[in-house]
Structures are given as structure tokens and as C-alpha cells.
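Colleague: One structure coming up, written as C-alpha cells, with questions to follow.
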Ligand SMILES: [Zn+2]
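In my numbering, the protein residues as written are 13 to 574.
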């Protein structure tokens, strides 16, 4: 059965046999054991986050998996995982995976937010230190993450624990790795995999960067299309600002040139490079072979770039999922080859939504792009008769948090908020809008996340020191990118289930596999992994709860007083 809370570990638990033969001083160095029946703990935790891998994609293609995703479907399968909060973006989503907390506690309320009081008034990136750089030339940092990750907690209790975090995006690697990471590497265009300034690249990073740069500099042939992708292979035209883009029948062919790196990132080759780096670090660092449990997090980012560039229901995503399965198969093979007892978990930072142009062709007449008038700076101009410059009035996007600018002072702020509230509420594309006070007054949500109200979802994304003065939710299937987009054509970020639902999968050698349709949360991953390695958490320490991964009579969650 599943139990919710734990007391913090002060020392690894000991098996009964060990207790008879070992002195206490020796026992402290013995690897932690799982809390159920003295089963040995895994020596290596591996968490893979596939950026934008929705439950919809997982279910659509799971019958075709033969590689790493197939292995994971043979373990504990929770198809109804939830990034429960409203702001279903990359940074908040990744902040939940290894902390066990919703963004309301991690502080990562969005990819970007506005702050007019700090060292650099204006737009702030979630994974930067704004005291050091500009928004455009930012300095990557973990300073905004308000809680520790599992690896960081384990490392604090036992310095022999090693933590490694690699990803295609800095925000993914940083939010999963936390504040104490032995190896932290993320892709930076034009530079390859980089880390915080001053860190020395191990040989694995140098080798992968050289291979990636050589690959980007060469023409790339079309990827083969699996037979099962052909049914959805169909061109769809999307009118953009400067061109008409045809998507839906792409194969990732590429020519060298200024666009080659971005095209490479939005192709299966990117995940192959990320996983290649992870595999090399597993081997070079001998992860899982140390005295203590090691923790590796891997952020596979290509699915997200492909979703934004081509939508989710064309040949491009189908080919990507097939190649992701193959690439993750290489990761699993490398882990198997180490002989280490490892636990592999996989989830995603958020789901996704297809382009409205194709959704309307496939039984979804309500699909549309957001009206230009709802973009905050345009809506601000409508509020402008109140007496301030409209362009400086409201900040944010057409969806999610909206901040009132610093030029609006005193009682004018209330007037601006009320006027904006009325304009949003009157718009036929808006589902709901709440003031910060309304969200702050709501209790922290509990219970199954599929039954949460919109206000609950907003509350789980709310941090009073960072959140907007208003939060705006567009109606379902309204894409928050206006017509004639400049670049990306599809996106996520809504409070609706197509953006919230992600698979949560666990595999370990010898696991009795099962499938559980109950809605669970990505914040449950951390306490579940913590329990497996015998790392105890205090009551209320994290938002998530332990999921019992034993499909039989055993229980991988520690039994404690309720
Ligand atoms: Zn993402």
C-alpha cells in the first residue's frame, strides 16, 4: 500500500543479518537498504525527463516501443502522471521532478517572470542569477530554486553520494540537479555542452561536443519513417510572419548553414548526443560503483523543440518518438552493461498540444490561436485611458501570469487590475482569470490532481514573491501563440490536462510490473525514489507521496505512523 510521509534519515537502515555481524561504526558506511523487507537498495538512481512527452504521445505510440521505452513499460507504469500545477512550462516542470515539491514551494513559477524590485528590474529567467548578467546574456544559476533536490539531500547526508545532471537545456539540468552537482552539463548554441563558469570539462564532454559540432557541420539525410507513422504523414500549411511553413511530412533532412544547429536541436540527433554524454559519464565516473548511491538525471530536450517547431501530430513527432525509444534503448543497454543494480525512472516536465491548423482538420473545431488583443501589452493599451502609458502597463504573455508595471503606483494599481480583470473576463477566449489575492487565499490543493479546480492549479504555481498580479487562463485548445507566428508554431503552458498529463514510469531489475491508472503526481517521483534507497523524509517535508513500486505483496514505501 502507499504511505505518505517519512521521518528524516539520520543513518542508513540496517538489515537484520548485518546487525548481527557488524559494529555500529561499520554499519554507518553500509549502503542504505529499502525499508520494506530488507531488500537491497539500488546503487544508482537514473531519472530521465523527456521534454514535452505528454501522456497522449506515450499512449499513442506505446504499442510500437521496442527499446528503452519498452523496458520502462515492463515496470511500474503510471500513465496518469500529473504536472499538477497551472504553469506547465519547462522550468517549473523540471523543478518538481527531483524536489518532490510543486512550483509554489520550489519558487519556479514559470520559465520567466517579472520583478521590478530586485537588482535588475524587468524580465527574469528562471535559471539565471540576475545580479550578474542581462536577460539576453544571462549567467546560468540555481539561485531561484528554493528547495533541495533528492541528490542534494542525499549528498548533504553522505558526501560519498555523487550527482550528475545532463540535459539539452540549462533549466532542465539545473532544476533536476539542484544546488550541489558533481557534473552539470547543458547545451548552449554555438558552444556545445557547457557548465557553470570555471568548471573543467571532463573528456566525455569534449568528445561529445566534437562529435556534435562535426555532425552539425555536415548535411543530414532524411530519417527513415516507420511504417506506423505513415497514417498521419500529411502536409499542413501554417502561415507565419515571413513565410508559409509546411509541416506534418518532415524527415529532418538538413543542410549546413546558419540554421543547422537549431534544426539539429529540433531533431532526434539532439537526444542521441545528450544520451551519449550520459552514457560516457556513467562509464567514466563508474556511477553506481562507489560506496554510496549515485544520482543521474538526464533531460532529453529534442521532443520539445520538435513539438514547438512542427506540432505533435505529424511525421516529425512520430519519427522522433521512434528514435527516442531507440536512443533510450542505448541508455538502458549501457546501464545493464555496468552490472550495477539501478532504478530507472522516466517522466516529463509537461505535456503538449498540436497546432490548431491540424487540430481543426481532425475533429477539434474549437482549436484556435490566441487573439492579438489578449497579448498583455495590447490589452494594456486598452486599459491605458486610466492615465498611464499602455505599453508599460501590463507584462507577461497572453496566458498565465500578468504583472502590473512599476509606473502604476498607489490606488491606480487597483484600478488597473480591476480594469484588466474586466477586459479579460469579457473575452470569449478566456476561461478564467484570478487576482493574486484570490490565488493566495486559496488553500494548498490536496487529493487526486485530475479533480483539482483551476484555482487549485493556479495555487500550486503561486509564489507571492514572484507570481503576477493576475493569472489568465485561456480556454482549452486556444494556443497561446497568435496567428502568423514569427518562429514556433505550437506550444504548451496551459492549465489543461493535455499539458499536465505525463507518463511516470519506473523500472528496476526483478520488478513485478503493473499498471496503475490512478492519477498521481510528478512530485511523487522524489519520495518514491528516496524510499527505494532508504533515504527518509520528515513529515510534510515534500508535497509528494511515496508510490509503492512493488506490484506484489511487498511494499517499497516505508510504513510509518500516519
Ligand atoms: Zn519543456
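The beta carbon of each residue, even a glycine, is placed where N, CA and C say it ideally should be.
Counting Cβ pairs closer than 8 Å, one from the segment 233-240 and one from the segment 327-335, do we hit at least three?
Modeller: yes
Colleague: Taking 5 Å as the limit, tell me which residues put their C-beta closer than that to any heavy atom of ligand 1, in chain order.
Modeller: 63, 102, 316 and 361
Colleague: Whose CA, out of 51, 562, 343 and 445, lies closest to the CA of residue 432?
Modeller: 445
Colleague: Run through DSSP, which three-state label would residue 405 get?
Modeller: Note: residue 405 maps to coil in three-state DSSP.
Colleague: With the cut-off set at 7 Å, would you say residue 534 and residue 262 are in Cβ contact?
Modeller: no
Colleague: Under the rule that 16 or more other beta-carbon atoms within 10 Å means buried, what is residue 437, buried or exposed?
Modeller: exposed
Colleague: What are the start and end residues of the beta strand (DSSP E) that includes residue 368?
Modeller: Premise fails: residue 368 lies in the alpha helix (DSSP H), 368-371, not in any beta strand (DSSP E).
Colleague: Look up residue 61 in the DSSP assignment and say whether it is helix, strand or coil.
Modeller: strand
Colleague: Please work out which residues of its chain come closer than 6 Å, Cβ to Cβ, to residue 528, disregarding the five sequence neighbours upstream and downstream, and give them in chain order.
Modeller: 90
Colleague: Return helix, strand or coil for residue 556, following the three-state DSSP convention.
Modeller: Collapsing the DSSP output to three states places residue 556 in coil.
Colleague: What separation, rounded to the nearest whole angstrom, lies between the Cα atoms of residue 304 and residue 231?
Modeller: So the two alpha carbons sit approximately 44 Å from each other.
Colleague: Kindly confirm or deny that the segment 53-72 and the segment 350-363 touch, where touching means at least three C-beta pairs closer than 8 Å.
Modeller: A contact exists between the segment 53-72 and the segment 350-363.
Colleague: Starting from residue 344 and walking both ways along the alpha helix (DSSP H), at which residues does that stretch end?
Modeller: 327-350
Colleague: Using the rule of at least 16 other Cβ atoms within 10 Å of the residue's Cβ for burial, across every protein chain shown, is residue 229 buried or exposed?
Modeller: exposed
Colleague: Contact between the segment 94-113 and the segment 518-528: three or more CB pairs below 8 Å?
Modeller: As far as the Cβ criterion goes, the segment 94-113 does not touch the segment 518-528, which means the pair count is below three.
Colleague: Leaving out five residues on either side along the sequence, give the residues of the same chain with a beta carbon under 7 Å from the beta carbon of residue 47.
Modeller: Because residue 47 sits at a pLDDT of 44, beneath the cut-off of 50, its placement in the model cannot be relied upon, and the point is left open.
Colleague: Check whether the segment 406-421 and the segment 371-387 are in contact - that is, three or more C-beta pairs closer than 8 Å.
Modeller: yes
Colleague: What are the boundary residues of the beta strand (DSSP E) that residue 88 is part of?
Modeller: 88-94
Colleague: Once you ignore the five residues that flank residue 155 on each side, which residues in its own chain have a CB closer than 6 Å to its CB?
Modeller: 141
Colleague: Is there a Cβ from chain B that is less than 7 Å from the Cβ of residue 69?
Modeller: Included in the structure is just one protein chain, with no chain B present.
Colleague: Just confirm the distance between the C-beta atoms of residue 474 and residue 116, as a whole number of angstroms; I'd bet it's less than 8 Å.
Modeller: Residue 474 to residue 116, Cβ: 5 Å. Contact.
Colleague: Exposed or buried, residue 188, counting other C-beta atoms within 10 Å across all chains shown (16 or more means buried)?
Modeller: buried
Colleague: Use the C-beta contact count for residue 368: other C-beta atoms within 10 angstroms, 16 or more gives buried, fewer gives exposed.
Modeller: buried
Colleague: What is the rounded straight-line gap between the Cα of residue 284 and the Cα of residue 220?
Modeller: Approximately 10 Å between the Cα atoms of the pair.
Colleague: Given 8 Å as the limit, is there contact between the segment 440-457 and the segment 161-172, that is, 3 or more CB pairs closer than that?
Modeller: no
Colleague: Could you spell out the range, first to last residue, of the beta strand (DSSP E) harbouring residue 127?
Modeller: 124-127
Colleague: Among 540, 251 and 124, whose alpha-carbon lies nearest the alpha-carbon of residue 498?
Modeller: 251
Colleague: What separation, rounded to the nearest whole angstrom, lies between the Cα atoms of residue 72 and residue 325?
Modeller: Whole-angstrom Cα-Cα distance: 10 Å.
Colleague: What does the alpha-carbon distance come out to for the pair residue 134 and residue 371?
Modeller: Cα to Cα, residue 134 sits roughly 36 Å from residue 371.
Colleague: Between residue 465 and residue 200, what straight-line distance do the alpha-carbon atoms span, to the nearest angstrom?
Modeller: 38 Å
Colleague: On a CA-only basis, which of 203, 249 and 486 is nearest residue 378? Give me that one, please.
Modeller: Among 203, 249 and 486, the Cα nearest to that of residue 378 is on 486.
Colleague: Would you please state the rounded distance, in angstroms, between the beta carbons of residue 554 and residue 170? I believe it to be under 8 Å.
Modeller: Incorrect: roughly 19 Å between the Cβ atoms, too far for contact.
Colleague: Three Cβ pairs or more, each shorter than 8 Å: is that satisfied between the segment 414-433 and the segment 453-460?
Modeller: no
Colleague: Can you have a look at residue 126 and say buried or exposed, based on whether 16 or more other CB atoms are within 10 angstroms of its CB?
Modeller: So residue 126 counts as buried.
Colleague: Of all the beta strand (DSSP E) runs that stay within the bounds of the segment 100-187, which reach a length of 3 or more residues?
Modeller: 124-127, 134-137 and 175-179
Colleague: Would residue 301 be called buried (16 or more neighbouring beta carbons within 10 Å of its own) or exposed?
Modeller: exposed
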